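*Asks:*
Residue numbers (our numbering), protein chains in the order written: chain A, 1 to 478; chain B, 1 to 355.
1. Would you please verify whether the beta carbon of residue 387 of chain A is less than 9 Å from any beta carbon of chain B?
2. Where does the unbroken alpha helix (DSSP H) through residue 31 of chain A begin, and where does it stop?
3. Classify residue 67 of chain A as helix, strand or coil using the three-state DSSP reduction.
4. Can you tell me whether residue 245 of chain B is helix, strand or coil according to DSSP?
5. Measuring only between beta-carbons, confirm whether residue 233 of chain B sits less than 9 Å from chain A.
6. Which residues of chain A have a Cβ atom closer than 9 Å to the Cβ of residue 4 of chain B, listed in chain order?
7. Is there a Cβ of chain E sitting closer than 9 Å to that of residue 363 of chain A, yes or no?
8. So for residue 393 of chain A, helix, strand or coil by DSSP?
9. When the distance is taken between beta carbons, is residue 296 of chain A closer than 9 Å to residue 358 of chain A?
10. By the 7 Å beta-carbon criterion, what residues does the region 390-418 of chain A contribute toward chain B?
11. Residue 98 of chain B touches chain A at which residues, Cβ-Cβ below 8 Å?
12. Whose CA, out of A:253, A:46 and A:84, lies closest to the CA of residue 96 of chain A?
13. Looking at the structure shown, is residue 4 of chain A part of a helix, part of a strand, or coil, going by DSSP?
14. Spatial neighbours of residue 55 of chain B within its chain, please: CB distance less than 8 Å, with the 5 preceding and 5 following residues excluded, ordered by chain position.
15. What do you reckon, is the C-beta of residue 8 of chain A under 8 Å from a heavy atom of the ligand SAH?
16. At 3 residues or longer, and completely inside the region 303-355 of chain B: list those beta strand (DSSP E) runs for me, N to C.
17. Closer than 8 Å by beta-carbon distance: list the chain B residues that pair up with residue 443 of chain A, in chain order.
18. Determine the closest residue to residue 102 of chain B out of B:149, B:65, B:164 and B:337, with distance taken between C-alpha atoms.
19. Per DSSP, what kind of secondary structure is residue 158 of chain B in: helix, strand or coil?
20. So what does DSSP say about residue 185 of chain B, is it helix, strand or coil?
21. With a threshold of 16 other CB atoms inside 10 Å of the CB of residue 466 of chain A, please say whether the residue is buried or exposed.
22. Which residue or residues does DSSP assign as beta-bridge partners of residue 118 of chain A?
23. Is the CB of residue 367 of chain A under 9 Å away from at least one CB in chain B?
24. Taking only beta-carbon positions, decide if residue 383 of chain A is within less than 9 Å of chain B.
25. Cα separation between residue 207 of chain A and residue 230 of chain A?
26. Mind listing the chain B neighbours of residue 370 of chain A? Cutoff is C-beta to C-beta under 7 Å, in chain order.
27. Please tell me whether residue 342 of chain B and residue 275 of chain B are closer than 9 Å, where the distance is taken between their beta carbons.
28. Whole-angstrom Cβ separation of residue 350 of chain B and residue 223 of chain B, contact assumed at under 8 Å?
29. Could you spell out where the beta strand (DSSP E) holding residue 281 of chain A opens and where it closes?
30. Give me the Cα-Cα distance between residue 260 of chain A and residue 251 of chain A, rounded to the nearest whole angstrom.
31. With 9 Å as the limit, tell me which residues of the region 102-134 of chain B have their beta carbon closer than that to any beta carbon of chain A; keep them in chain order.
32. How big is the Cα-Cα spacing for residue 433 of chain A and residue 442 of chain A?
33. Are the C-beta atoms of residue 160 of chain B and some chain A residue less than 9 Å apart?
34. Can you tell me where the alpha helix (DSSP H) with residue 231 of chain B in it begins and where it stops?
35. Under 8 Å between beta-carbons, which chain A residues line up against residue 77 of chain B? List them in chain order, please.
36. Mind checking the region 303-326 of chain B against chain A and listing, in chain order, the residues whose C-beta falls within less than 8 Å of any C-beta there?
Right, dumping it as structure tokens:
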């Protein structure tokens, strides 16, 4: 820490800061923020709750506004819209909760606490209508076609007399089945969360509690309903006077659930993908370093016929865009039976022309005399490679290692080609893709897992860059 | 310990021949120095002996065994490189042990040998350091130590002192000579510095353009150079050369001086020759001399050098022991001692000496 401060508080010669110091520190700070702010932003975003993300809340901190529920209930008197206050959080988050968490909640107890339209709204919102309707149908021995009725087409519905079938029941039971069957005038009741704001009432001029769909500070006015339900009207309140209370509450469940394999509506196992990626990256990098360094050693330190040809040939493959060879790679992976296993990702990417080039150029700078000295010391060629060449090429190996790790870890195309058919072999990038389903977006998991997937590459860089510096400092040759 | 024989050794890089057939025999325990100007092929020759360069033609024999096709690792030689070529990532101890590990020697034996060599070279305190933390002289010792622990049959030195400063070079020179007398191994030493060659060698091979000009003991080369090149290369300051011809049984120099000839030289009447005379064999004086003007004077206290120019513009250096009274710009006459003169044929450069 002291070392860091000494480094950062350095001045150019004199004790005072000169303008060069100012410019340097300014540039340093600018560069730091340029890199660091987006990272902070994505980390903070990954901690936002699904509903905050859905509302496209661009605030930096994860946390939600105090919320109330807006209920839309259809009844014999038509549609009524009202606000329900002071509901527990789990009611508003019901849609995004997994089965286990839902089972933990006392749904029945909550419903018993409400009467009338509020009760109906909550009953629909918590998915109790089909459950209760089914048990009622079997209890009262009502015709079985009633169970299928909601899913029927309009013309098929006409063949049944649904209203007649439930006519003999008590009023409450009739209403339940009518909601279940979608009989006129009943439709599915809705319960959506709204932001609780306190604002100046446009008519009375008093500070009053309102519910707004979205708290968007960029709009001059917000459409709002009174929380106390004293009026059905939608008021236009001044955004400037509105004040919404926010609770800072990071949603660590975004991380915990997929890592523990409890994420709802996610069909891939994240920890498995993570392990796969780790294996692919480590094995492929080791193979890459081994193959590339041997090729580079031969190309830089031996004289043989066709040396230039091979070197140019290897370099020429750099100029072929990987997308062009994609079909060929796929066929090769398929033909060799590697498809669907992580080896299908490891082996095709093992030898990289860029790596051979990088290592060769570095090895050219290692003096031949060292190799000759080793030969005079009765070392075999293998030993020269292993004991002399590799340790001395460590800085270049570290650089290539970092590159290779980042390439493998972030690679999407090759895994898609090689292992997209086998979910067990998915790498992390395929897994992240899976979180964005066709029908159901799991954006909060995706953000969280993206952040999580950044950790290994970051750690690798932190540790290997140390190797680079020591590697360079080690070059004690003259 | 082993003797080394080179027989008509040749080396070509592509179509260009750089070593034109060298014959040489170094007997066991001798200190042999290859000397010559840069680019003469002396390092190439050493590397061919070491096995680091392919041999295009001829033979290298160590202890009577032809080693042309034996790789460097198996020839049992040790080499000290000009840049020392210490492995920068290994400590001094590891540097010295590396070769022994490759020979599958046991750990205690390796440690014993390394410690012994370190004691001999006074680098015990440096054993755990990396080469990067050593000074030039210390690296030099480590490089020698690495060769010593191998107990090789022949030591090869490739200009080992050229990266050291002048003072250290003199010390190390003495140490290497001392090492040779203690170990008694055959040593081959390459240098471009004829002083090093003269002070250390049992035998010197003077090379030029891939040809061995002369091979013999230092004083033999100094006293009886076989050609003008060797005469000019060996000895400091260089030998003075004056053009002339043989006329009436005498040497008539172009600048007018006449010198008597005796039976040591085989020359014919009218032959154009060059007379070689070392700086120390000239004396200031009158008569029978060469008229020169002193262009500069170097007073070193115990000895003096006078740099003179003859009327024909030839550069002549004169050595006087003690301090001189001669001044710059003075016109003097130099006396040549006929007993000390060398004669070379102007065309071929060969010595005119008989036998």
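Glycine included, C-beta positions come from ideal geometry on N, C-alpha and C. Just so it is clear, the structure is predicted and the values come from calculations on it, not from any experiment.
*Replies:* In short:
1. Along the first chain, one-based indexing puts residue 387 of chain A at 387. Output row for residue 387 of chain A: interface = yes.
2. Your numbering for residue 31 of chain A matches position 31 in the first chain. Segment 19-46, the alpha helix (DSSP H) holding residue 31 of chain A.
3. Position 67 of the first chain, counted from the start, is the residue given in the question as residue 67 of chain A. Of the three classes helix, strand and coil, the one that applies to residue 67 of chain A here is strand, per DSSP.
4. Residue mapping note: residue 245 of chain B aligns to position 245 of the second chain, counting from 1. If DSSP states are grouped into helix, strand and coil, residue 245 of chain B belongs with the strands.
5. Taking the first residue of the second chain as 1, we reach residue 233 of chain B at position 233. Taking Cβ atoms only, chain A never reaches closer than 9 Å to residue 233 of chain B, which makes this a no.
6. Sequence index remark: in the second chain, residue 4 of chain B carries index 4 (1-based). The contacting residues do not exist; residue 4 of chain B stays about 16 Å from chain A at best.
7. Absent from the structure is chain E; the protein chains it does hold are A and B.
8. Taking the first residue of the first chain as position 1, residue 393 of chain A is located at position 393. Note: residue 393 of chain A maps to coil in three-state DSSP.
9. Residue 358 of chain A sits at position 358 when you count from the first residue of the first chain. Residue 296 of chain A sits at position 296 when you count from the first residue of the first chain. In contact: residue 358 of chain A and residue 296 of chain A (Cβ atoms closer than 9 Å).
10. 391 and 392
11. The count along the second chain starts at 1 and reaches residue 98 of chain B at position 98. Those within 8 Å of residue 98 of chain B in chain A are 374, 377, 379 and 387.
12. Here residue 96 of chain A refers to the residue found at position 96 of the first chain. Closest by alpha carbon: A:253.
13. Against the first chain, residue 4 of chain A aligns to sequence position 4. Correct three-state label for residue 4 of chain A: helix.
14. By 1-based counting over the second chain, the position of residue 55 of chain B is 55. 9, 10, 11, 48 and 68, listed in sequence order.
15. As for the ligand SAH, it is missing from this structure, which has no ligand bound.
16. 303-310, 315-321, 331-336 and 342-345
17. Walking along the first chain from the start, residue 443 of chain A turns up at place 443. Going along chain B, no residue has its Cβ under 8 Å from residue 443 of chain A, so there is no contact; the nearest lies around 49 Å.
18. Translated into the one-based positions of the second chain, residue 102 of chain B becomes position 102. Comparing Cα-Cα distances from residue 102 of chain B to each of B:149, B:65, B:164 and B:337, the minimum goes to B:149.
19. Along the second chain, one-based indexing puts residue 158 of chain B at 158. Note: residue 158 of chain B maps to strand in three-state DSSP.
20. Taking the second chain and counting its residues from 1, one reaches residue 185 of chain B at position 185. Coil, per DSSP.
21. On the first chain, position 466 is the one that residue 466 of chain A refers to. So residue 466 of chain A counts as exposed.
22. The residue labelled residue 118 of chain A in the question sits at position 118 within the first chain. BP columns for residue 118 of chain A are empty, so no partner.
23. Against the first chain, residue 367 of chain A aligns to sequence position 367. Chain B, which has a Cβ nearer than 9 Å to the Cβ of residue 367 of chain A, makes this yes.
24. For the purposes of this step, residue 383 of chain A is identified with residue 383 of the first chain, where counting begins at 1. Interface residue, yes.
25. Counted from its first residue, the first chain places residue 207 of chain A at position 207. Counted from its first residue, the first chain places residue 230 of chain A at position 230. If you take the alpha carbons of residue 207 of chain A and residue 230 of chain A, they lie about 15 Å apart.
26. As a position in the first chain, residue 370 of chain A is number 370, starting the count at 1. Those within 7 Å of residue 370 of chain A in chain B are 85 and 87.
27. Working through the second chain from its first residue, we reach residue 342 of chain B at position 342. Working through the second chain from its first residue, we reach residue 275 of chain B at position 275. Contact: yes.
28. Mapped onto the second chain, residue 350 of chain B falls at position 350. Mapped onto the second chain, residue 223 of chain B falls at position 223. Residue 350 of chain B to residue 223 of chain B, Cβ: 16 Å. No contact.
29. Start at 1 with the first residue of the first chain, and residue 281 of chain A comes out as number 281. First-last for residue 281 of chain A: 270-301, but that is the alpha helix (DSSP H), not the beta strand (DSSP E).
30. Here residue 260 of chain A refers to the residue found at position 260 when the first chain is read from its first residue. Here residue 251 of chain A refers to the residue found at position 251 when the first chain is read from its first residue. Taking the straight line joining both Cα atoms gives about 15 Å.
31. 102, 103, 130, 131, 132, 133 and 134
32. Stepping through the first chain from its first residue, residue 433 of chain A is reached at position 433. Stepping through the first chain from its first residue, residue 442 of chain A is reached at position 442. Rounded to the nearest angstrom, the two C-alpha atoms are 10 Å apart.
33. Along the second chain, one-based indexing puts residue 160 of chain B at 160. For residue 160 of chain B, the answer is no, since every Cβ of chain A falls outside 9 Å of its Cβ.
34. Working through the second chain from its first residue, we reach residue 231 of chain B at position 231. It spans 228-233 - the alpha helix (DSSP H) in which residue 231 of chain B sits, taken as one unbroken run.
35. Start at 1 with the first residue of the second chain, and residue 77 of chain B comes out as number 77. Within 8 Å Cβ-Cβ: 376.
36. none
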